[in-house]
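Undergrad: Questions regarding the structure given below will be posed in turn.
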Amino acid sequence: MAEFEDKSACEVTVEMLKKADEGGYSTAFTRTDTLKECTIGASGICCKNCAMGPCRLTPSKKEGEPEKRGICGATPEVVAARNFLRMIAAGTAAHSDHGRAVAETFLMAAKGEAEGYQIKDRIKLLEVAVDLGIEVGERPVEEIAVEVGEKCVAMFGQQHGELAFGLRAPEKRIEIWRKLGVFPRGVDREVVEALHRTHIGVDQEMENIMLQGSRCALADGWGGSMIGTELQDIMFGTPTPLQAKINLGVLDKDQVNIIVHGHEPLLSEMILLASQSDDVKKRAEEKGAKGINIAGICCTANEILSRHGIPVAGNVLQQELAIITGAVDLMVVDVQCVYQAVGELSKCFHTKVVTTSSKGKMPFAEYVEFHEDRGLTIARQIVEMAIDNFPNRGDVDIPPKTQDFIAGYDHEYINYMLGGRFRASYRPLNDGIIDGRIRGVVGVVGCNNPRVRHDAGHVRVVSELVANGCLVVMTGCAAQAVAKTGLMTPEVAYKEGIMPQGLREICEAVGIPPVLHVGSCVDNSRILIALTEMVKEGGLGDDISDLPAVGCAPEWMSEKAISIGQYFVASGAAVVFGGKWPTLGSDKFTRYLFDGIFELYGNSWHFEEDPEKMVGTLLRLIDEKREALGIAAKRERVLFDMAARRELSID
Ligand code: NFS
Numbered sequence: 000m001a002e003f004e005d006k007s008a009c010e011v012t013v014e015m016l017k018k019a020d021e022g023g024y025s026t027a028f029t030r031t032d033t034l035k036e037c038t039i040g041a042s043g044i045c046c047k048n049c050a051m052g053p054c055r056l057t058p059s060k061k062e063g064e065p066e067k068r069g070i071c072g073a074t075p076e077v078v079a080a081r082n083f084l085r086m087i088a089a090g091t092a093a094h095s096d097h098g099r100a101v102a103e104t105f106l107m108a109a110k111g112e113a114e115g116y117q118i119k120d121r122i123k124l125l126e127v128a129v130d131l132g133i134e135v136g137e138r139p140v141e142e143i144a145v146e147v148g149e150k151c152v153a154m155f156g157q158q159h160g161e162l163a164f165g166l167r168a169p170e171k172r173i174e175i176w177r178k179l180g181v182f183p184r185g186v187d188r189e190v191v192e193a194l195h196r197t198h199i200g201v202d203q204e205m206e207n208i209m210l211q212g213s214r215c216a217l218a219d220g221w222g223g224s225m226i227g228t229e230l231q232d233i234m235f236g237t238p239t240p241l242q243a244k245i246n247l248g249v250l251d252k253d254q255v256n257i258i259v260h261g262h263e264p265l266l267s268e269m270i271l272l273a274s275q276s277d278d279v280k281k282r283a284e285e286k287g288a289k290g291i292n293i294a295g296i297c298c299t300a301n302e303i304l305s306r307h308g309i310p311v312a313g314n315v316l317q318q319e320l321a322i323i324t325g326a327v328d329l330m331v332v333d334v335q336c337v338y339q340a341v342g343e344l345s346k347c348f349h350t351k352v353v354t355t356s357s358k359g360k361m362p363f364a365e366y367v368e369f370h371e372d373r374g375l376t377i378a379r380q381i382v383e384m385a386i387d388n389f390p391n392r393g394d395v396d397i398p399p400k401t402q403d404f405i406a407g408y409d410h411e412y413i414n415y416m417l418g419g420r421f422r423a424s425y426r427p428l429n430d431g432i433i434d435g436r437i438r439g440v441v442g443v444v445g446c447n448n449p450r451v452r453h454d455a456g457h458v459r460v461v462s463e464l465v466a467n468g469c470l471v472v473m474t475g476c477a478a479q480a481v482a483k484t485g486l487m488t489p490e491v492a493y494k495e496g497i498m499p500q501g502l503r504e505i506c507e508a509v510g511i512p513p514v515l516h517v518g519s520c521v522d523n524s525r526i527l528i529a530l531t532e533m534v535k536e537g538g539l540g541d542d543i544s545d546l547p548a549v550g551c552a553p554e555w556m557s558e559k560a561i562s563i564g565q566y567f568v569a570s571g572a573a574v575v576f577g578g579k580w581p582t583l584g585s586d587k588f589t590r591y592l593f594d595g596i597f598e599l600y601g602n603s604w605h606f607e608e609d610p611e612k613m614v615g616t617l618l619r620l621i622d623e624k625r626e627a628l629g630i631a632a633k634r635e636r637v638l639f640d641m642a643a644r645r646e647l648s649i650d
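Following numbering that gives the first Met the number 0, the numbering of the sequence shown begins with 0 at its first residue and continues without gaps.
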C-alpha cells in the first residue's frame, strides 16, 4: 500500500488507486509516473510563440558564458514573462467565459426567456444594481434585473473606462491601479491585449508585460469571476451554511448515480431540478433504483454544494476514480478541469459520459448540447439517459467512507454571523485580529496536482495554520481536500489541541469552524470583497496590503490559479504558491515577481515547495503586517499536535 499512500493523503483515494492498479486502469497518478516533465518548459524559458523556434533558452552552464537569446533576441526574462502573461490570459479567459455564460443566461432569465431559471435573491439584485449605478427606486424587479444583466454582459466588451466592480475596491487600491495604468477596461479587451503583447516582436520589457498581467488578472477577479459569482447568487440563491457529505462513499449502490463535473452551475442546477420531479423519480424506480443521487466533482460540486448541500464525490484527481467504482451511471460535464482520459476510461465500465458545451467535446462521450432557453428540458433528457443506464451496471465497489462538513460561507454571511442580524459587520473579526486572538486570515485555494502528494499539502498547511491561530477561508479543490478531514466541522475542530484558545473562543462564540468553505474558484472574488470589507471596517490600515491576510495555493496546476494569484497580488495581498514555480528558468523575472513588484502593490508572489516551510512563510508574512500595524504579539510557532493529527488522519 505504501506506494499508493505516497501518492495521496486521502484514504479513499489510496484504496481506489489500489483497485485501479489491480484492474490495470491508467489514471493521472500512473501517467505522472511515466511522463517525465520537460524541465525547460516547466521553468518558463521555452518560447514557442513563433515558428523560428521553439527557442529553448537553457541557462548557461559555464561561468562568464553569455546568456542565451531567442532567434529574435528575446531574453530569458522576457520569454518567462510572456509565458506567465499567457497563463494569466488563459486563466482569465476561462473564468470570464464562465462569467459571460452566466450573465447571458441571467439576462434571458430576467426577460423570462430561460426555462427553469429565475431571480431568486432579490436583495442581492438590488445591492448589485446600486453598485452598477442603476436606479432602483420603485422600479419592478424584472426591469432592474434586465438592466443589471445588460450592464454585466457589456462589461466583457467594454472598450474604455473602468470596470464597474473594480470601484468596489478600497480607495487607496483604486488610486494605485490608476497611477500604474492597470485599472481594467473590458474583460475581453484585456485578454486580447495580453495575447497581442506576447506575440512575436511586441512587448519586450518584463515590467511592462506584467503591467498587462495585473490588468488582465484584475479583469478576472473584479470582472469575469465577480460577475459570475454575483449573478449566480441572484439566480440560484446566495449560499448560507449547510451540512453536507464528501468523498466517493457518497455514491449509492441502490440509486442512479449522476456525477456533475466541470464548472458552470447553469447546467448542474437544471440537472438537480430535473432529478427532483416525480415522474423522473418514478422512472428510476421502474428501472429498479431506489432514487436518483446527484454528486459533484471539482468546482461544479462546490457550486451546488454551497447552495443545496449536494454531496461532493471528490476533487479533481478523483474524477477517474469515481468511474472505477463502477457505480456512476452517468457523468455530465461542461467546461474546465475535465480530463480527456475520462471518456476512454468510461468505456471499460457501463458509465455514460455526456458533454454538453460546444466549447468542450470529447472522444468516447455522447454529446447533448445544452441551451439555457430549454435548460430544464435538456437536463431532463440527460437525467433519463442516466436512469436508463442503471440496469447496465456491472460490479460495483464503492469505498464506504464519507465525511460530514459545513459549506456555504460567503462574505455576506460572514458579515451577518459576526455582527448579528441588526448590526452586521466585520468589527468582531477586525477586533479579534487586533487583540491577537486571530493571528491573521489565510485564503487557501487551488487544485490538486499529481506531481505532488494528493491533498497532503492542503491538509498540512491548513491544520498548521489553524494550530497557529489563523482563520482559514477555502475554495476549489483545496476546500474539498480539507473537508475530507473533518476540520470543517465544529465537532472535530473544537477538539483539544486543534486550535489555540483565542481562536477557539471566537469560533465558539460565532458557531463556526476555523476553516470556512467559501465556494468554487470563481468565488475567490468573495475573498476580495471580504478583504475590502475588513479594510473599510477600520483598525487594520487603509488598504488590502496592510491586512495580516495572505493567499496560498499549495497544490495548484491550472492557468486559472496563476490568474487568481496575480489578481490577489495586484489587489495587495501576498500570495504563496507550492508545488512548482513556472518562471524559475529566469532569475531576473522570478526576482521581479518575488521582490520587484512589492514596490508597486505593497505585496508580491512567493514560492515554497515544501508545505511545512510554506506555513513558516505564511506566518512570517502575517506577522510582518501585524508589526507594521503596531499589533504584533510575541509568539512561538506551534507544531500541530500529534494526537490531533492522527484524529484527522493527517500523517
Ligand atoms: Ni479551480 Fe475548479 Fe479544481 Fe483547480 Fe480545477 S476544479 S476552478 S482549477 S482543479 S481548483
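Built from N, CA and C at the ideal position, the CB exists for glycine as well. For clarity, every value in this text was computed on a predicted model and none was experimentally measured.
Below 8 Å, how does it come out for the segment 354–367 and the segment 317–333: are there three or more Cβ pairs, yes or no?
TA: At 8 Å Cβ cutoff, the stretches touch.
Undergrad: Taking the CB atoms as reference points, tell me whether Y415 and A406 lie closer together than 8 Å.
TA: Contact flag unset, no.
Undergrad: Below 7 Å, is the gap between the Cβ of Q335 and the nearest heavy atom of ligand 1?
TA: For ligand 1, at least one heavy atom lies less than 7 Å from the Cβ of Q335.
Undergrad: In the DSSP output, which residue or residues are listed as bridge partners for D403?
TA: Its beta-bridge partners are K244.
Undergrad: Whose CA, out of N82, D522, L241, E607, lies closest to the CA of C669?
TA: Residue 669 is absent from the structure shown; the chain starts at 0 and stops at 650.
Undergrad: So, helix, strand or coil for E263, using DSSP?
TA: E263: coil per DSSP, three-state reduction.
Undergrad: Does S59 pass the burial test, meaning 16 or more other C-beta atoms within 10 Å, or should it be called exposed?
TA: Exposed is the call here.
Undergrad: Should N82 be listed as close to ligand 1, given that the test is whether its C-beta is under 7 Å from any heavy atom?
TA: No, ligand 1 has no heavy atom inside 7 Å of this Cβ.
Undergrad: Excluding the 5 residues flanking R99 on each side, which residues of the same chain have their C-beta closer than 6 Å to its C-beta?
TA: Counting only Cβ-Cβ distances below 6 Å, and skipping sequence neighbours, we find F155.
Undergrad: Note down the Cα distance separating M487 from G69, rounded to an integer number of angstroms.
TA: About 50 Å.
Undergrad: Are the CB atoms of I323 and G23 within a distance shorter than 8 Å?
TA: No, Cβ-Cβ distance for G23 and I323 is not below 8 Å.
Undergrad: Can you grab the Cα-Cα spacing for the pair Q254 / E495, in whole Å?
TA: Roughly 39 Å separates the two Cα atoms.
Undergrad: State the start and end residues of the unbroken beta strand (DSSP E) segment that holds I291.
TA: 291–296 is the extent of the beta strand (DSSP E) around I291.
Undergrad: Can you tell which of Q275, M209, I296, A631 has the C-alpha that lies nearest to the C-alpha of G439?
TA: Comparing Cα positions, the closest option is A631.
Undergrad: Using the rule of at least 16 other Cβ atoms within 10 Å of the residue's Cβ for burial, across every protein chain shown, is C37 buried or exposed?
TA: With fewer than 16 Cβ atoms within 10 Å of its Cβ, C37 is classed as exposed.
Undergrad: Taking 8 Å as the cut-off, decide whether the C-beta atoms of A326 and L271 are in contact.
TA: Cβ atoms of A326 and L271: not closer than 8 Å.
Undergrad: Which whole-angstrom value is the C-beta distance of I118 and M234, which I expect to be below 8 Å?
TA: Confirmed, Cβ separation roughly 7 Å.
Undergrad: Tell me whether D650 sits in a helix, a strand or coil according to DSSP, three-state version.
TA: Legend: pLDDT at D650 = 42, less than 50; position of this residue unreliable, value from coordinates given subsequently. It is coil, neither helix nor strand.
Undergrad: Between which residues of its own chain and R184 is the CB-CB distance below 7 Å, once the five residues before and five after are set aside?
TA: Same-chain partners within the cutoff: Q157, Q158, H159, G160, L162.
Undergrad: Given a cut-off of 8 Å on the beta-carbon distance, is the pair K150 and T237 in contact?
TA: Going by C-beta atoms, K150 is not nearer than 8 Å to T237.
Undergrad: Kindly indicate the opening and closing residues of the beta strand (DSSP E) around A312.
TA: Its beta strand (DSSP E) spans residues 311–313.
Undergrad: Taking the alpha-carbon of G212 as reference, which of V568, E112, C476 has the nearest alpha-carbon?
TA: Closest option to G212, Cα to Cα, is V568.
Undergrad: Can you confirm whether the segment 472–492 touches the segment 341–354 when touching is taken to mean that 3 or more C-beta pairs between the two stretches lie within less than 8 Å?
TA: Not touching, per the Cβ criterion.
Undergrad: Between I133, V147, V78, which lies nearest to A108 when the distance is taken from Cα to Cα?
TA: Among I133, V147, V78, the Cα nearest to that of A108 is on V147.
Undergrad: Quick one: what does DSSP say R450 is sitting in, helix, strand or coil?
TA: Coil.
Undergrad: Across the segment 508–522 and the segment 535–553, are there enough close Cβ pairs to call them in contact, namely three or more that are closer than 8 Å?
TA: No, the segment 508–522 does not touch the segment 535–553.
Undergrad: Looking at C-beta atoms only, is the number of pairs between the segment 184–196 and the segment 128–141 that lie closer than 8 Å three or more?
TA: No, they do not touch.
Undergrad: Can the beta-carbon of P499 be found less than 8 Å from the beta-carbon of R625?
TA: Cβ distance not < 8 Å, so P499 and R625 don't count as in contact.
Undergrad: Which residues in the same chain as D372 place their Cβ atom closer than 8 Å to its Cβ, once the five residues preceding and following it in sequence are excluded?
TA: Same-chain partners within the cutoff: M107, E112, A113, E114.
Undergrad: Under 7 Å: does the beta carbon of C347 sit that close to some heavy atom of ligand 1?
TA: Result no, Cβ not under 7 Å from ligand 1.
Undergrad: Tell me which residue opens and which closes the alpha helix (DSSP H) that T29 is part of.
TA: Residues 27–33.
Undergrad: I want to check one thing, is the minimum distance from the CB of H195 to the heavy atoms of ligand 1 below 7 Å?
TA: No, Cβ of H195 sits at least 7 Å from all heavy atoms of ligand 1.
Undergrad: Enumerate, from N- to C-terminal direction, the unbroken alpha helix (DSSP H) stretches of 4 or more residues contained entirely within the segment 288–374.
TA: DSSP runs (the alpha helix (DSSP H)) wholly in the segment 288–374: 297–307, 318–323, 340–345.
Undergrad: Rounding to the nearest angstrom, what Cα-Cα distance links C9 and K400 in this structure?
TA: Answer to the nearest angstrom: the Cα atoms are 11 Å apart.
Undergrad: Tell me whether A480, by its Cβ, gets closer than 7 Å to a heavy atom of ligand 1.
TA: Checking every heavy atom of ligand 1 against the Cβ of A480, none is found closer than 7 Å.
Undergrad: Could you name the residues of the same chain whose beta carbon sits closer than 7 Å to that of L527, not counting the 5 residues immediately before and after it, in chain order?
TA: For L527, where only same-chain residues beyond five positions count, the Cβ hits under 7 Å are G220, W221, S570.
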